[in-house]
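**Student:**
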Amino acid sequence: MTQADLADRIGVTRQTIIAIEQGKYSPSLEVAFQIARVFDVPLDDVFQYPDS
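If you use my numbering, the sequence shown corresponds to residues 1302 to 1353, in order.
(1) When the Cα atoms are used, what is the spatial distance from F1348 to A1333?
(2) Since I1318 and A1308 should fall inside the 8 Å C-beta cutoff, what is the C-beta to C-beta distance between them, to a whole number of angstroms?
(3) Could you pull out every unbroken alpha helix (DSSP H) segment of at least 4 residues lying fully inside the segment 1316-1343, listed in chain order?
(4) In terms of residues, what are the limits of the alpha helix (DSSP H) holding D1306?
(5) Assign V1313 to one of two classes, buried (16 or more other C-beta atoms within 10 Å of its C-beta) or exposed (fewer than that).
Structure (structure tokens):
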């Protein structure tokens, strides 16, 4: 799946996907859940909250 495909499936721009991948943007919970749903994996397999 390309960045553009993922963006289209969840209703964001390709630039948003790039920014998420590069750690420059933290997605909303809705977007995070949509990404996890597209890949059929638990949310914490896609995103991890950094320990502080």
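The C-beta atom is built at its ideal place from N, Cα and C for all residues, glycine as well. A quick note: this is a predicted structure, and the numbers were derived from the prediction, not measured.
**Tutor:** Taking the geometry as given:
(1) 8 Å
(2) 5 Å
(3) 1330-1340
(4) 1304-1311
(5) buried
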